[in-house]
Amino acid sequence: MNRAHSHIDFVIGAEKRIAEIISPAEIEPLLRSLVMAGPLYAAVLDENNLPICEQGTTDLLHTAQEFRHGLLVEGEPKGALVVSFDPDQTGPQESLSLLARAALQLIITNNLKRMLTTEIHTTVVKDSYEQLLEINRSLAESEKCYRELSLSLEQKVEQRTAELQKAYARMLQQEKLAAVGSLAAGMAHEINNPNGFVRCNLSTFDRYFQRMKAMIDNYQHLVASETPLSQLQQETEKNRRELKIDLIMKNTPEMLSQSIEGTDRIARIVADLKSFSHVDDLGESAADLNEELKRTLAVLEPQIPADTAVLSELRPLPPFICHAGLISQAFFNILQNALQSRREGLQVHISSACSDDGIDIVITDNGCGIAPENLSRVFDPFFTTRDVGSGTGMGLTVARELIRCAGGTVQISSREGSGTSVTIQLPLASKGR
Amino acid sequence: MIEFDEKQKRMVLKLVYYGPALSGKTTNLLTLHDMLTRDGRGELMLLDTTEDRTIYFDLLPFFYVAPSGMKIKLKVYTVPGQVRHDATRKAVLQRADGVVFVADSHTAGMAINFESFDNLEKNLSMVGLSFERLPLVVQFNKRDLTDIVSEEDIIRTWGPTGLPVIMASALKGWGVRETFRRVLELTFDSLQVRYDLTARYGVDRDDFLEAILRTAEDAEELALS
């Protein structure tokens, strides 16, 4: 049961005694006026014939002419009006008493109505008030709940922000892995090539070695068995021809130098990769951004279309304090875009310069360009115009993030169909954060 | 029950006319007042109204005195039908011995009838009365109008409730006394079970019903004979 409805004091319809409905003070003026108009005595009696209010004298009542009229409450006789006259007196006595009764009845009825409406009103107000208290309490409760919520909101926001940052970092890492993946695919080819012919040369050399060993073994055997000189010469010459020693002598130097060159090439590629990724230096250091550009270009070498003209115009730059690995990652993403912007007849122009404001690096291509409606979205995460699966949509997002971490900015201008220019500006004064 | 004074041999009962706004609850009481004999009933008390709509309640009292001297006072109330007067409805419903649900026959009124009936069910439980056990009669009023739901539809919809359904036109005066009789019968039967009125207090069912339901014309004839 709802608390708000558990106390109602009045029962609508509860029986009322006449004394509850009219008070002596209320009817006294009426009875007094009545007595002044003639009667010796007038009284209003309750259900038990006890007077609620009386006026006049009771001295002569035994001889008096008495009029008695019932008073109704809700149509039920509940009391009476008694009016007594001097029997010798003449006049409209009964009419007078009836008039008084009518007036009293009106008072009773109206009082009863007022009481009933008051009861209803009180009941309803009490009920409504208790409901209000109830509502108020539940409101206060929910307000408290919201207050607590707002207090913990900050904490929650922090928590969610940390989660978001973590997720973003994870995303950057994934993008980096994707770049490394595509880099690795190109690199694998680059390394496999020299490795292949070095391996091939070594196999050949192994066979050469067996033949040379056989030649020497034969010779030692002939000498040990004291073979006559002429026969020794004869046998040796025969052996030399059979084992094609001449060919071995002719081919081996080239084969070896070719192999050395191959391993050198592998070493150079590994060095490029190492310097590009800066696996060895984890902290910030003074970097020559021109070197970083060159290294990046070097690792991208396998991805450069055959007839591409890459023109570098790199002016001397002051050392730039940064995570060189991260900066070169940004260069990588931007340069890769440029290299993929056109299949044939691609021209990429890379320039760097230093002014009082800082370092400007501009990478321009004559590729497909960017549609005007897409230009504002190229930095948005996951925005890509490439086919599903061939672009992550994270390249420029990550590039801008990395440049921003170094305190710089990236701007792109492009005309669809005729090329794109990316300008990286890095401040010198601040090392950026 | 409002009051039962065994020593004084006096019982005060309460009947309530419930239902949606403007379904004709007050008209029912007015018609009963005009139709039934003056002996045995009091005056109809209409509390203040707003634009002719009940905001408190109306009251029509009846009196019955059994040959045994047992007095039964029957107070018949209406409630305000407007949704906003729910607290008043609840207050009037307290300790009711029987309820007449006055429904509006207008085709547009069906949803409002159900809503009000739901409200009755809810308020009965709030004032601690059992919907299952309380004598309850449904009256479909305004049958004299044209744009009304057919009787078959009403029976089909309300029949499954098992409640007595009576067609009436309070304005024209028919069905009103029949409704009142039905709720009186049910109320008497319910009291009979609880108080054994006939055996213990000498109250005869038929005499009780006849006395209260006696029309003014019947009373005249009775007086003449």
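Protein chains in written order, with this note's numbering: chain A, 1140 to 1572; chain B, 185 to 409.
We put the beta carbon where it would ideally sit given N, CA and C, even for glycine.
Since this is a predicted model, take the numbers as computed values, not measurements.
Annotated three-state conformation of T1262(A) is helix, per DSSP. For Q1550(A), the number of other beta carbons within 10 angstroms of its own is below 16, and it is reported as exposed. Per DSSP, the unbroken beta strand (DSSP E) holding Y248(B) starts and ends at 242 to 249. Inclusion of F1206(A) and G1177(A) in the CB contact set at 8 Å is not warranted, their separation being larger than that value. Counting along the chain, the unbroken alpha helix (DSSP H) around A407(B) starts and ends at 400 to 408.
M1354(A) places its beta carbon less than 8 Å from that of R1379(A). Selection A1477(A), E1555(A), N1476(A) evaluated against N1513(A) yields E1555(A) as nearest (Cα-Cα). The residue among D1345(A), L1371(A), V1296(A), I1405(A) with its C-alpha nearest the C-alpha of H1328(A) is I1405(A). At a cut-off of 8 Å between beta carbons, I1157(A) makes no contact with chain B. E404(B) and D223(B) have their C-alpha atoms roughly 11 Å apart. The alpha carbon of H290(B) has as its nearest neighbour, out of K326(B), E305(B), D281(B), the alpha carbon of K326(B). Under DSSP, G1558(A) takes part in a beta bridge, and its partners are R1554(A). Just so you know, the alpha carbons of S1398(A) and M1388(A) end up roughly 16 Å apart.
What V283(B) touches in chain A, judged by beta-carbon distance under 8 Å, is nothing: the nearest beta carbon there is about 14 Å away.
Relative to A1239(A), the option among A1219(A), D1227(A), L1251(A), Q1228(A) whose CA is nearest is A1219(A). Neighbours of L1255(A) in chain B, taken as residues whose beta carbon is under 9 Å from its own, are M229, L231, Y240, F241, L243 in chain order. Look at the region 1240 to 1270 of chain A: the residues with a C-beta under 7 Å from a C-beta of chain B are K1252, L1255, T1256, I1259, T1262, V1263, D1266, S1267.
Taking one beta carbon from each stretch, the region 381 to 390 of chain B and the region 342 to 356 of chain B have fewer than 3 pairs nearer than 8 Å; the two do not touch. Contact check for I1166(A) against L1210(A) fails: the beta carbons are separated by 8 Å or more. Residue contact with chain B for A1153(A): present (Cβ-Cβ distance below 8 Å to some residue of chain B). Within the region 378 to 395 of chain B, no residue has its Cβ closer than 8 Å to any Cβ of chain A. Nearest CB-CB separation between G226(B) and chain A: below the 8 Å threshold. By the neighbour-count criterion, in which a residue is buried when 16 or more other Cβ atoms sit within 10 angstroms of its Cβ, F1348(A) is exposed. When DSSP reads this structure, M351(B) sits in a beta bridge with F324(B).
The beta carbon of E1213(A) falls within 8 Å of a beta carbon belonging to chain B, placing the residue at that interface. Going by DSSP, C1544(A) is part of the alpha helix (DSSP H) stretching over 1534 to 1544.
For V1150(A), the chain B residues whose C-beta falls within less than 7 Å of its own C-beta are I186, Q278, R279, listed in chain order. In the DSSP assignment, V1501(A) falls within the unbroken beta strand (DSSP E) covering 1497 to 1504. Each residue's CA atom was taken as its position, placing A1279(A) and G312(B) some 29 Å apart. With 16 or more other Cβ atoms inside 10 Å of its own Cβ, D1266(A) counts as buried. Our two residues, E1297(A) and S1291(A), have alpha carbons roughly 10 Å apart in a direct line. The three-state secondary structure of D288(B), taken from DSSP, is strand.
With a minimum length of 3 residues, the unbroken runs of beta strand (DSSP E) contained wholly in the region 186 to 242 of chain B fall at 187 to 189, 194 to 202.
Think of a sphere of 9 Å around the beta carbon of F247(B): the chain A residues whose beta carbon falls inside it are G1214, E1215, in chain order. One thing to note: T211(B) has its Cβ no nearer than 8 Å to the Cβ of Y240(B).
Leaving aside the five residues that flank Q1232(A) on each side, the residues in its chain whose CB is nearer than 6 Å to its CB run, in chain order, F1224.
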